[in-house]
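Have a look at the structure below before the remarks.
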Amino acid sequence: MCGIIGYAGTEEACPILLDGLERLEYRGYDSTGLALFTKDGGLLRLRAAGRLSALRRCVTQRLEQGADLHGNAGLGHTRWATHGAPTKENAHPHRSQEGKYTVVHNGIIENYAKLRGELEAAGIRFASQTDTEVIAHLLEQLDTGNPLETLRRALPRLEGSYALGVLYHAQPGTLYCARRQSPLLAASCVRGVLLASDAAAILPFTRTMFRLEDGEMAQLHANGAIFFFDAQGRALQKAATEIARHTTAADKGGYVHFMRKEIAEQPECLARTLAPLLSGGEIHLGESEAALENPGGIRRVLFLGCGSAHHAGITGRMLVEELSGIPASAELASEFRSAATAVDRHTLAVIISQSGETADSLQALRLAKEKGARTLSVINVEGSSIAAESGSVLYTRAGLEVAVATTKAYSAQLAALCALAARLGALRGQDPARLRDFVRSLAALPELAREVLADTEATAHAWAQELQSVQHAYFLGRNLDYATAMESALKLKEISYIHAEAYAAGELKHGTLSLIEPGTPVVALCCRPEVIPKTLGNAQEALARGAKLFCVTNRQNPLPERCLTLPPCHPLLVASLAVLPMQLLAYHCADLRGCDVDKPRSLAKSVTVE
Ligand code: F6R
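So the sequence shown is numbered by the numbering used here: it starts at 1 and just counts up by one.
See the structure below:
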């Protein structure tokens with residue numbers, strides 16, 4: 001969560017920091033700030049509550065007032081509030097009392113209250129409610145005159161997670177940084193050095209970057225030199241990582257919102273994801289095959305992820321069990337960490353993450369490895385932390401996803417999981433004809449997705465007009481349709497702020513049916529052929545209580561109500577198609593309600609706090 005950008009070099013730092021923040025804003029967007037070493041050796045700090053546009057206005061005002069914002073080094077930060085409201089006072093960078101240290105931070109300092117108490121007892125006055133401010137004061141309290149040595153002494157006192165960018169008042173051309181559990185990258189380019197929480201901010205300058213590992217620190221000089229150190233302060237040699245350029249540009253391509261553009265891109269994303277995995281009517285996972293060696297030794301597949309990635313995992317569980325016969329389960333990464341889930345060397349743990357940086361998923365990966373599992377990650381962002389630490393990586397090729405609510409990356413995850421399930425089935429000697437039939441249908445998925453998007457747009461918009469003013473909505477489904485119901489409900493609530501719940505259709509009558517009253521919207525997903533009759537029965541029960549029923553199905557008019565009909569497809573691919581009109585429905589509801597579709601309140605694209 002939160003975005004960090006740092007620059008030192010020969011160029012004007014202020015525009016570089018502002019542009020970097022623009023590219024990082026998806027990580028958090030409730031307040032922003034920057035600190036700049038000015039030409040006269042001063043350290044200027046500008047902060048603003050709200051979006052980056054507020055900080056840009058603040059910069060413009062300062063310039064109009066004649067302020068000198070020329071300078072060649074500084075740090076910028078875009079915040080997703082954890083401790084303290086999203087106000088200017090709580091916006092980063094934070095400064096120590098005498099101004100020796102200026103700090104930006106991603107993560108959470110878990111013992112900040114204790115540290116704050118100690119620092120206050122020592123006479124320090126705090127200017128914010130953040131956990132970050134303790135770091136600035138602690139550094140000043142322990143200052144040795146050598147910021148690296150000071151960091152080495154201070155960091156062991158911090159509990160929790162951090163990616164830290166630090167400026168020292170007496171060294172205007174130098175950036176310091178340190179990492180524990182929150183991602184941080186350093187790079188040099190012809191014009192200086194860069195520091196960022198995310199490759200997206202660095203890519204305009206260079207594709208070669210260094211990933212800091214937990215416990216590492218770095219010193220970055222304006223002349224392009226970068227020195228790395230371990231937690232004891234010993235010099236380290238690090239290998240650089242080469243990042244492929246994003247295949248999709250971060251522009252809206254004529255659409256009003258990134259989300260709408262990303263929904264439209266799904267057929268190409270599916271094709272790109274599947275192309276390297278399909279050959280001669282069979283699936284081959286390339287380098288990821290390493291995770292499937294000795295397939296007889298895999299006794300369980302465990303899917304781990306958060307939010308939509310968890311919904312992809314639930315779908316993956318069903319696909320793996322159907323196509324390979326291997327017992328499978330899906331757990332929320334955050335819950336897995338505190339559960340005593342049986343995992344051993346016979347477990348294949350599949351971590352699903354678009355960003356590859358989600359803190360809970362990263363920790364779940366580490367725990368699964370610790371317990372002896374083989375690990376395979378399904379990741380969209382190359383070079384991300386989860387990709388770097390996984391045994392094997394199966395990349396989804398959705399391209400850069402900018403909208404906070406995932407659409408194309410989710411679809412690409414489902415496609416990758418279809419391929420994984422089919423490959424496991426083949427390795428476990430499942431019926432080749434059945435698998436061939438599935439793989440053939442999978443290859444045709446991108447075209448079917450194109451058809452569905454074109455054919456359902458108008459209906460999704462019409463439904464959104466009916467739904468835009470409701471307060472609650474329910475999504476029902478069984479089996480694969482239940483996974484789609486969960487994803488559909490999440491999509492609707494996160495961007496339109498309509499309360500939405502998903503129910504396994506058979507569960508409604510075990511309590512929730514009492515909430516269905518005349519006019520309550522119920523969306524019934526009836527696509528998996530084997531369960532359609534039963535789901536329709538449950539939809540009728542809701543209808544009998546006055547529900548306003550919406551039905552997504554691949555049968556011709558199974559209900560007298562509003563029906564959105566999908567083309568026939570392989571029964572195991574229904575989740576990939578049914579989710580498309582549900583994304584459109586959520587999008588249009590949010591748009592009609594005037595919500596900020598691409599940046600819903602309180603959310604962030606990359607969730608790097610636990
Ligand atoms: C919902 C959404 C989130 C993410 C979740 C995991 O639209 O995007 O629920 O799926 O935060 O993120 P990643 O996939 O980056 O690990």
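For glycine and all other residues, C-beta sits at the position ideal for the given N, C-alpha and C.
Terminal residues of the beta strand (DSSP E) in which residue i lies
i              : result
lysine 548     : 548–553
methionine 217 : 217–221
isoleucine 352 : 347–353
cysteine 526   : 521–526
leucine 394    : 392–395
serine 361     : Looking at the DSSP string, serine 361 is not in any beta strand (DSSP E); the run it does join, the alpha helix (DSSP H), is 359–370.
threonine 315  : Element bounds for threonine 315: not the beta strand (DSSP E) but the alpha helix (DSSP H), 307–324.
threonine 375  : 374–379
histidine 499  : 499–504
arginine 601   : That residue, arginine 601, is in no beta strand (DSSP E); it is neither H nor E in DSSP.
arginine 562   : 562–565
Residue j beta carbon less than 7 Å from that of residue i
i              : j            : result
cysteine 563   : cysteine 551 : yes
proline 558    : leucine 592  : no
leucine 151    : leucine 175  : no
alanine 49     : threonine 87 : yes
asparagine 554 : leucine 543  : no
alanine 443    : leucine 577  : no
leucine 106    : serine 182   : It should be noted that the sequence gives asparagine, not leucine, for residue 106. Taking 7 Å as the Cβ cut-off, asparagine 106 and serine 182 qualify as a contacting pair.
glutamate 494  : alanine 405  : yes
leucine 362    : valine 301   : no
histidine 588  : alanine 460  : yes
isoleucine 283 : valine 439   : yes
leucine 212    : leucine 184  : yes
leucine 585    : alanine 464  : yes
valine 343     : alanine 373  : yes
glutamate 110  : glycine 160  : yes
valine 104     : histidine 77 : yes
methionine 1   : valine 609   : yes
Proximity test, residue i beta-carbon vs the ligand F6R heavy atom, cut-off 6 Å
i             : result
glycine 307   : yes
threonine 358 : yes
serine 353    : yes
valine 256    : no
alanine 405   : yes
serine 514    : no
valine 350    : no
serine 385    : no
valine 193    : no
valine 378    : no
serine 361    : yes
valine 607    : yes
Cβ-Cβ separation, residue j to residue i (assumed contact under 8 Å), whole Å
i             : j              : result
cysteine 177  : methionine 209 : Not quite, the Cβ-Cβ distance comes to about 13 Å (not below 8 Å), so this is no contact.
arginine 450  : threonine 273  : Actually they are not in contact, since the Cβ atoms of arginine 450 and threonine 273 sit about 15 Å apart, beyond 8 Å.
leucine 75    : leucine 69     : At roughly 14 Å, the Cβ-Cβ gap does not stay under 8 Å, so leucine 75 and leucine 69 are not in contact.
alanine 121   : leucine 138    : Between leucine 138 and alanine 121 the Cβ distance is about 13 Å, and since that is not below 8 Å, they are no contact.
glycine 9     : asparagine 72  : 6 Å
proline 147   : tyrosine 162   : Contact flag wrong, Cβ pair sits at about 16 Å.
arginine 45   : tyrosine 29    : Contact flag wrong, Cβ pair sits at about 19 Å.
glutamate 321 : leucine 304    : Incorrect: roughly 17 Å between the Cβ atoms, too far for contact.
valine 452    : isoleucine 498 : Contact doesn't hold; Cβ gap of about 23 Å is too wide.
glutamine 620 : arginine 125   : Look at the range of the chain in this structure, 1 to 610, and you will see that residue 620 is not part of it.
arginine 528  : proline 571    : 6 Å
aspartate 198 : arginine 56    : Contact doesn't hold; Cβ gap of about 20 Å is too wide.
glutamate 501 : tyrosine 474   : 6 Å
Range covered by the alpha helix (DSSP H) that runs through residue i
i                 : result
leucine 515       : Taken as a continuous stretch (DSSP letters only), leucine 515 belongs to no alpha helix (DSSP H), as it is neither H nor E.
phenylalanine 336 : 333–336
cysteine 14       : 13–24
isoleucine 532    : 532–544
valine 579        : 574–592
tyrosine 112      : 112–121
threonine 130     : Unbroken run through threonine 130: none, as it is neither H nor E.
alanine 388       : 385–389
Residue i at chain B interface by Cβ criterion, 7 Å
i         : result
serine 96 : Any reference to chain B falls outside this structure, which holds one protein chain only.
Whole runs of the alpha helix (DSSP H) within the segment 247–275, excluding any shorter than 4 residues:
Correct list: 258–264 and 266–274.
Along the chain, which unbroken stretches of the alpha helix (DSSP H) at least 4 residues long are found entirely within the segment 409–479?
Correct list: 432–443 and 445–467.
Sequence ranges, beta strand (DSSP E) only - wholly within the segment 30–102, length at least 3
31–37, 43–49 and 73–79
Every unbroken alpha helix (DSSP H) inside the segment 150–225 [4 residues or more]:
199–202
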